Amino acid sequence: MKKSKRILAATLLAGLLVLTACNSESAPNGENGAETTPESSETATEAVTEPMTINQDIPSDQEILSKGPHGEEAVSAKTLELTVEDIEKIREGNYKAALVMHYAGNDWSNAQINGLQAAFEKMGIEVISVTDAQFSAEKQVSDLESVLARNPDIIVSIPTDPVSTASAYKRAAEQGVKLVFMDNVPSNLEHGTDYVSVVSADNYGNGVAAADIMAEQLGGEGKVGVVYHDADFFVTKQRTEAFEATMAEKYPNIEIVARGGIMGPDDGLQVASAMLTTNPDLDGIFGVWDVPTEGILAAARTAGRDDLVITTIDLGTNVGLDIARGGPIKGLGAQLPYDQGTAEAILAGYALLGKEAPSYVAVPALTVTQDNILDAWEMVYQTSAPQEIQDVANQQ
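Residues -27 to -1, 1 to 369, numbered by mature numbering (1 follows the signal peptide of the UniProt record, and there is no 0), are exactly what the sequence shown covers, in order.
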């Protein structure tokens, strides 16, 4: 009897450890970004009762400002749909999908993965692999080779570099894999021939939102810096272009006096520290996404600049907490990554059914400030904000 109790306790402890690991931010692909194989699940058997769409409550009264990688007009993700009959037909195919990520260690990536997995489960599609390239093009090519050996029907991916990964994606297309891209498209691949579609947020619209928030906080005048992504990455270029163009066109009394490039998410602290040292009279800094912006925030605190106005794009836990408490990060333009994942899965379904898919699809932008932080979090992630953000927001 005692022995049985010890075995039961050990089993429960092991289960708790597994749950704890799965809930950590970097959990989807392990500590070293290695490929993971999700636990195999049975094909969905629950009856299909309604069509599949993204969240129809997403505000859509504003024009989508982004263009596609080749200048395409955006089709709103809210127009995509799989009917009940479509889903039932897809379920009959016993299809397999793989998710080949550029990076899987932040809230945005995890939400995309969650949205894709939930949608594929409803469609009866098995997710056989989730990989994390850790921003390395070489590793992503290796990840693709490993995934292709398992003969997936679908690959949903975000290329780390459009040139050096192109041949690997081309091989996947030639193997008959249905390719759906997030944000970026490899060079020399053709829509309708090599890939199904590319899905993005309205990154230009989010850059405009970040500029508008900063301008309002500065009263329409001041000196600002820009921390941009120094890489050939389509969507981050759009964000920076939108921020800078909005400042030039709408706020002529705000001057961009400093620019600093980052190569990866951990470079924000160093770049912002140098920027503040060289330009101690800066009134604000724009960060191209939330993780390097955490470094900008750390640099501001180290410099004793709690008065610095910071805006960014992407609603992550740490920037969300600072917004909620009324810190230097005053707001951001948010992507809706869970819904992007749903849209990507729907487009994969289009390909499996032989339905025509638009070349470029975008999810509307969402402006986030202290006033709407809790509602925005629920819209972005389809779940309530972390308790720490709720506690801080409810005290304001």
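Positions of the beta carbon are idealized from the N, C-alpha and C atoms, including for glycine.
Just so it is clear, the structure is predicted and the values come from calculations on it, not from any experiment.
Within a Cβ cutoff of 6 Å, which residues of the same chain sit near Ile127, ignoring the five residues on either side of it in sequence?
Here residue 127 refers to the residue found at position 154 when the sequence shown is read from its first residue. Within its own chain, the residues whose Cβ lies closer than 6 Å to the Cβ of Ile127, once the five positions on either side in sequence are excluded, are Ala70, Lys151, Ala321, listed in chain order.
Could you give the residue range of the alpha helix (DSSP H) that holds Tyr68?
Counting from 1 along the sequence shown, the entry for residue 68 is found at position 95. It is not in any alpha helix (DSSP H) - Tyr68 carries neither H nor E in the DSSP assignment.
Where Met187 falls, given that 16 or more other Cβ within 10 Å makes a residue buried:
The count along the sequence shown starts at 1 and reaches residue 187 at position 214. With 16 or more other Cβ atoms within 10 Å, it is buried.
Checking the sheet assignment: what are the DSSP bridge partners for Met155?
Mapped onto the sequence shown, residue 155 falls at position 182. Val172, per the DSSP bridge assignment.
Rounded to whole angstroms, what's the CA-CA distance from Leu162 to Asn176? Just pull it up for me.
Taking the first residue of the sequence shown as position 1, residue 162 is located at position 189. Taking the first residue of the sequence shown as position 1, residue 176 is located at position 203. Between the alpha carbons of Leu162 and Asn176 lies a distance of about 22 Å.
Could you check which residue in Lys112, Gln90, Val181 has the C-alpha nearest to that of Ser102?
Reading the sequence shown from its first residue, position 129 is the one you call residue 102. For the residues Lys112, Gln90, Val181, the minimum Cα distance to Ser102 belongs to Gln90.
Exposed unless 16 or more other CB atoms sit within 10 angstroms - verdict on Ala273:
For this step, residue 273 is matched to residue 300 along the sequence shown. That one is buried.
With a threshold of 6 Å on Cβ separation, who are the neighbours of Ala335 within its own chain once the five nearest residues in sequence on each side are excluded?
Here residue 335 refers to the residue found at position 362 when the sequence shown is read from its first residue. Result list for Ala335: Ile37, Ser39, Ala47, Ser173, Asp175, in chain order.
Sorted by chain position, which residues of the same chain lie with C-beta nearer than 7 Å to Asp203's C-beta, five sequence neighbours on each side aside?
Translated into the one-based positions of the sequence shown, residue 203 becomes position 230. Correct list, in chain order: Gly234, Ile235, Met236.
For residue 391, the three-state DSSP class (helix, strand or coil):
Outside the modelled stretch of the chain, which goes from -27 to 369, sits residue 391, for which no answer is possible.
Please confirm whether Thr251 and Gly260 have their CB atoms less than 8 Å apart.
Counting from one through the sequence shown, the residue named residue 251 turns up at place 278. Counting from one through the sequence shown, the residue named residue 260 turns up at place 287. No.
Meets three-Cβ-pair contact criterion under 8 Å: the region 326 to 334 and the region 346 to 354
No: fewer than three Cβ pairs fall under 8 Å.
Which first and last residues belong to the beta strand (DSSP E) in which Ile235 is found?
If you number the sequence shown from 1, residue 235 lands on position 262. Per DSSP, Ile235 belongs to the beta strand (DSSP E) from 227 to 235.
According to DSSP, is Ile27 helix, strand or coil?
If you number the sequence shown from 1, residue 27 lands on position 54. Looking at Ile27 - three-state DSSP - the assignment turns out to be coil, as it is neither helix nor strand.
Under the three-state DSSP convention, the category Tyr354 falls into
Here residue 354 is taken as the residue at index 381 of the sequence shown, counted from 1. Looking at Tyr354 - three-state DSSP - the assignment turns out to be helix.
My understanding is that Leu288 touches Val365, with C-beta atoms under 8 Å, so please give their C-beta distance in whole angstroms.
For the purposes of this step, residue 288 is taken as the residue at position 315 of the sequence shown. For the purposes of this step, residue 365 is taken as the residue at position 392 of the sequence shown. With a Cβ gap of about 15 Å, Leu288 and Val365 do not count as contacting.
Which same chain residues end up closer than 7 Å to Arg212 when comparing Cβ atoms and leaving out the 5 residues on each side of it in sequence?
Position 239 of the sequence shown holds residue 212. Same-chain partners within the cutoff: Asn176, Asn179, Gly180, Val261, Ile286.
Can you tell me which of Leu117, Leu294, Ser170, Val171 puts its alpha carbon nearest to the alpha carbon of Gln148?
For the purposes of this step, residue 148 is taken as the residue at position 175 of the sequence shown. Checked all of Leu117, Leu294, Ser170, Val171; the closest Cα to Gln148 is Leu117.
Contact check, Phe216 vs Ala247 under 8 Å by CB: the rounded distance?
Residue numbering aside, residue 216 sits at position 243 when the sequence shown is read from its first letter. Residue numbering aside, residue 247 sits at position 274 when the sequence shown is read from its first letter. The beta carbons of Phe216 and Ala247 sit about 20 Å from each other, so the pair does not count as a contact at 8 Å.
Could you give the distance in angstroms between the alpha-carbon of Val57 and the alpha-carbon of Glu45?
Residue mapping note: residue 57 aligns to position 84 of the sequence shown, counting from 1. Residue mapping note: residue 45 aligns to position 72 of the sequence shown, counting from 1. When rounded, the separation of the alpha-carbon atoms in Val57 and Glu45 is 30 Å.
Straight-line CA distance for Thr284 to Leu305?
Sequence index remark: in the sequence shown, residue 284 carries index 311 (1-based). Sequence index remark: in the sequence shown, residue 305 carries index 332 (1-based). About 5 Å.
Could you name the residues of the same chain whose beta carbon sits closer than 7 Å to that of Gly41, not counting the 5 residues immediately before and after it, in chain order?
Sequence index remark: in the sequence shown, residue 41 carries index 68 (1-based). A distance below 7 Å between beta-carbons, with the five flanking residues on each side excluded, links Gly41 to the following residues of its chain, in chain order: Ala47, Val171, Ser332, Tyr333.
Residue burial classification, Glu361 (beta-carbon count within 10 angstroms, cutoff 16)
Your numbering for residue 361 matches position 388 in the sequence shown. Label assigned to Glu361: exposed.
Go ahead and label Ser130 buried or exposed: buried means 16 or more other beta carbons lie within 10 angstroms of its beta carbon, across all protein chains shown.
For the purposes of this step, residue 130 is identified with residue 157 of the sequence shown, where counting begins at 1. With 16 or more other Cβ atoms within 10 Å, it is buried.
Since Tyr142 is in the alpha helix (DSSP H), which residue starts that stretch and which ends it?
Position 169 of the sequence shown, counted from the first residue, corresponds to residue 142. Looking at the DSSP string, the run of the alpha helix (DSSP H) that includes Tyr142 is 139 to 147.
Using CA atoms only, rank isn't needed, just tell me which of Asp80, Val73, Tyr76, Pro253 is closest to Leu281.
Along the sequence shown, one-based indexing puts residue 281 at 308. Out of Asp80, Val73, Tyr76, Pro253, the CA that lies nearest to the CA of Leu281 is found in Pro253.
Could you say which of Pro125, Ile258, Ile296 lies nearest to Arg278 if we only look at CA atoms?
If you number the sequence shown from 1, residue 278 lands on position 305. Its Cα nearest to that of Arg278, the residue Ile258 stands out among Pro125, Ile258, Ile296.
Considering Cα atoms alone, identify which of Glu65, Ala77, Thr104 is closest to Leu121.
Within the sequence shown, numbered from 1, the residue matching residue 121 stands at position 148. Minimum Cα distance to Leu121 is reached at Thr104.
Can you give me the start and stop residues for the alpha helix (DSSP H) that Tyr323 sits inside?
Position 350 of the sequence shown, counting from 1, holds the residue named residue 323. For Tyr323, the enclosing alpha helix (DSSP H) starts and ends at 310 to 326.
From Leu72, Ile60, Thr52, Ser49, residue whose alpha carbon lies closest to that of Val21
Here residue 21 is taken as the residue at index 48 of the sequence shown, counted from 1. Ranked by how close their Cα comes to the Cα of Val21, the residues Leu72, Ile60, Thr52, Ser49 have Ile60 in first place.
Assuming Gln85 contacts Lys51 under a Cβ cut-off of 8 Å, what Cβ separation, rounded to an integer in Å, is found between them?
Here residue 85 is taken as the residue at index 112 of the sequence shown, counted from 1. Here residue 51 is taken as the residue at index 78 of the sequence shown, counted from 1. About 17 Å separates the CB atoms of Gln85 and Lys51; that is not less than 8 Å, and the two are not in contact.
Out of Glu54, Ser49, Pro32, which one is the CA nearest neighbour of Glu23?
As a working note, residue 23 is residue 50 in the sequence shown. Closest option to Glu23, Cα to Cα, is Glu54.
Is DSSP giving Met187 helix, strand or coil here?
Residue numbering aside, residue 187 sits at position 214 when the sequence shown is read from its first letter. Here Met187 sits in helix by DSSP.
When Ala231, Thr209, Leu191 are compared against Gly224, the one with the closest alpha-carbon:
Reading the sequence shown from its first residue, position 251 is the one you call residue 224. The amino acid occupying residue 224 in the given sequence is Tyr; Gly does not appear at that position. Nearest of Ala231, Thr209, Leu191 to Tyr224, Cα basis: Leu191.
On the three-state DSSP scale, how would you describe Asp105?
Counting from 1 along the sequence shown, the entry for residue 105 is found at position 132. It is a strand residue.
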